[in-house]
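Participant: Supplied in structure tokens, the structure appears directly below.
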Amino acid sequence: MKPLVLFDFDGTLADTAPDLAAAANQQRLRRGLPALPYEQLRPMASHGARGLLGVALGLTPDAPEYEACKQQFLDDYAANIAVHTVLFPGVEDLLANLVQEGWAWGIVTNKVTRFTTPLVRHLALEQHSAVVVCGDTTAYSKPHPEPLLHAAREVGIAPQHCLYVGDDQRDIIAGQAAGMKTIATAYGYCGNGVPVESWGADAVVDSVAALLPAIRRLLPA
425 MKPLVLFDFD
435 GTLADTAPDL
445 AAAANQQRLR
455 RGLPALPYEQ
465 LRPMASHGAR
475 GLLGVALGLT
485 PDAPEYEACK
495 QQFLDDYAAN
505 IAVHTVLFPG
515 VEDLLANLVQ
525 EGWAWGIVTN
535 KVTRFTTPLV
545 RHLALEQHSA
555 VVVCGDTTAY
565 SKPHPEPLLH
575 AAREVGIAPQ
585 HCLYVGDDQR
595 DIIAGQAAGM
605 KTIATAYGYC
615 GNGVPVESWG
625 ADAVVDSVAA
635 LLPAIRRLLP
645 A
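Here it is in structure tokens:
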């Protein structure tokens, strides 16, 4: 059976933080507040509107104005979704090497289809990916394992022959719950404040270059 390597999207394959941070700062500018430094917003890029609006405006989902602000944030992001977003250096070669060595690969993200599909196309990822599971593909999102299990079913590969790579603790929780090997990408956003080394992943890598050796070790072709 051909192994399957599944990747989180934001902070793992693609550096989406600049455009997400810009949309978050746009909400501050709309309120007459100065933009925050990019470095302050970057760690929350994998946490979507909830994380970014929490840092940018101190808003929580129970705040009366949260839903309206969230919708404005999402609209601003959609309007400028691929201004600065790029693949992390080395990702293109990594994916090509996986295919060459006999692995299938896919994407499992909590980012909803509205945003995932245009970015996957913009970054030319759709032509070789075996599956793309978005945050609204199933009834659940990570850390629930169902999105990962759905991806495995779609490709027809048992979970024990799959590996999940992500930059957030919930990625590792989801991967473990799905019965998959896991790799944590410390080069990503890692924004929950818990040290990456304590997440319990089967491997932790500090660069894209370190991913292929780790994958080979954990999931032999």
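Taking our numbering, the leading residue of the sequence shown gets 425, the next gets one more, and so forth. Where a beta carbon is used, it is the ideal one built from N, C-alpha and C, also for glycine. In this text the structure is predicted, and so the values were computed from the model without any measurement.
CA-CA distance, Leu572 and Val557?
Facilitator: Mapped onto the sequence shown, residue 572 falls at position 148. Mapped onto the sequence shown, residue 557 falls at position 133. Taking the straight line from one Cα to the other gives about 8 angstroms.
Participant: Specify, as a first and last residue, the run of the alpha helix (DSSP H) that Thr606 falls within.
Facilitator: Reading the sequence shown from its first residue, position 182 is the one you call residue 606. Here Thr606 belongs to no alpha helix (DSSP H); instead the beta strand (DSSP E) covers Lys605 to Thr609.
Participant: Cβ atoms of Gly530 and Val579: under 8 angstroms apart, would you say?
Facilitator: In the sequence shown, residue 579 corresponds to position 155, counting from 1. In the sequence shown, residue 530 corresponds to position 106, counting from 1. Their beta carbons are under 8 angstroms apart, which means Val579 touches Gly530 by this criterion.
Participant: Within 10 angstroms of the Cβ of Ala503, are there 16 or more other Cβ atoms? Answer buried if so, exposed if not.
Facilitator: On the sequence shown, position 79 is the one that residue 503 refers to. It counts as exposed.
Participant: Just grab the DSSP bridge partners of Ala627 for me.
Facilitator: Against the sequence shown, residue 627 aligns to sequence position 203. Paired residues: Ile607.
Participant: Starting from the C-beta of His552, find all residues in its chain whose C-beta is less than 7 angstroms away, skip the five residues before and the five after it, and write them out in chain order.
Facilitator: As a first step, residue 552 is located in the sequence shown; it is residue number 128 there, counting from the start. Closer than 7 angstroms at the Cβ level, and outside the excluded window around His552, lie Leu519 and Val523.
Participant: By Cβ distance below 7 angstroms, which residues in the same chain neighbour Leu498 in space, the five residues on each side in sequence not counted?
Facilitator: In the sequence shown, the residue the question calls residue 498 occupies position 74. Correct list, in chain order: Ala473.
Participant: Based on Cα-Cα distance, which residue from Asp626, Glu463, Gly603 and Asn449 lies nearest to His574?
Facilitator: As a working mapping, residue 574 is identified with position 150 in the sequence shown. It is Gly603.
Participant: Could you name each continuous alpha helix (DSSP H) segment of 4 residues or more that falls completely within the region 544–586, going from the start of the chain to the end?
Facilitator: You should have 570–579.
Participant: In the DSSP assignment, what residue or residues form a beta bridge with Val589?
Facilitator: Numbered from 1 along the sequence shown, position 165 holds the residue referred to as residue 589. Answer is Phe431 and Ile607.
Participant: Would you mind working out which of Leu587, Tyr462 and Pro488 sits nearest Val479, comparing C-alpha positions?
Facilitator: For this step, residue 479 is matched to residue 55 along the sequence shown. For Val479, the nearest C-alpha among the options comes from Tyr462.
Participant: Taking contact to mean at least 3 C-beta pairs separated by less than 8 angstroms, is the region 614–624 in contact with the region 447–456?
Facilitator: At 8 angstroms Cβ cutoff, the stretches do not touch.
Participant: When DSSP labels each residue in this structure, what does Ile505 get in the three-state scheme?
Facilitator: Along the sequence shown, read from residue 1 onward, the residue named residue 505 stands at position 81. It is coil, neither helix nor strand.
Participant: Can a CB atom of chain C be found closer than 8 angstroms to the CB of Ala473?
Facilitator: Of the protein chains in this structure there is only one, and it is not chain C.
Participant: So, using beta-carbon positions, are Thr436 and Ala469 closer together than 8 angstroms?
Facilitator: Residue mapping note: residue 436 aligns to position 12 of the sequence shown, counting from 1. Residue mapping note: residue 469 aligns to position 45 of the sequence shown, counting from 1. Not closer than 8 angstroms, so no.
Participant: Pick from Thr609, Ser631, Ala634 and Ala633: whose alpha carbon is nearest that of Ser622?
Facilitator: Stepping through the sequence shown from its first residue, residue 622 is reached at position 198. When each option's Cα is compared against that of Ser622, the closest is Thr609.
Participant: Looking only at its own chain, which residues have a Cβ that is under 8 angstroms from the Cβ of Gly443, when we skip the five neighbours before and after it?
Facilitator: Looking up residue 443 in the sequence shown gives position 19. Note on residue identity: the sequence assigns Asp, not Gly, to residue 443. Cβ within range, chain order: Tyr501, Asn504, Ile505, Ala506, Val507, His508 and Thr509.
Participant: When burial is assigned at 16 or more other CB atoms within 10 Å of the CB, is Ala593 buried or exposed?
Facilitator: Position 169 of the sequence shown, counting from 1, holds the residue named residue 593. The sequence shown places Gln at residue 593, not Ala. Label assigned to Gln593: buried.
Participant: Check whether the Cβ atoms of Val532 and Leu430 lie closer than 8 angstroms to each other.
Facilitator: Counting from 1 along the sequence shown, the entry for residue 532 is found at position 108. Counting from 1 along the sequence shown, the entry for residue 430 is found at position 6. In contact: Val532 and Leu430 (Cβ atoms closer than 8 angstroms).
Participant: Tell me, which residues are paired with Gly530 by DSSP?
Facilitator: Counting from one through the sequence shown, the residue named residue 530 turns up at place 106. Answer is Leu430.
Participant: If I'm right that Ala438 touches Leu543 with Cβ under 8 angstroms, what's the distance once you round it to whole angstroms?
Facilitator: Residue 438 sits at position 14 when you count from the first residue of the sequence shown. Residue 543 sits at position 119 when you count from the first residue of the sequence shown. Going by Cβ atoms, the distance from Ala438 to Leu543 rounds to 7 angstroms, so yes, they are a contact pair.
Participant: Just the C-alpha distance for Ile607 and Leu465, rounded to the nearest angstrom, thanks.
Facilitator: The residue given as residue 607 occupies position 183 in the sequence shown. The residue given as residue 465 occupies position 41 in the sequence shown. Approximately 24 angstroms, taken between the alpha carbons.
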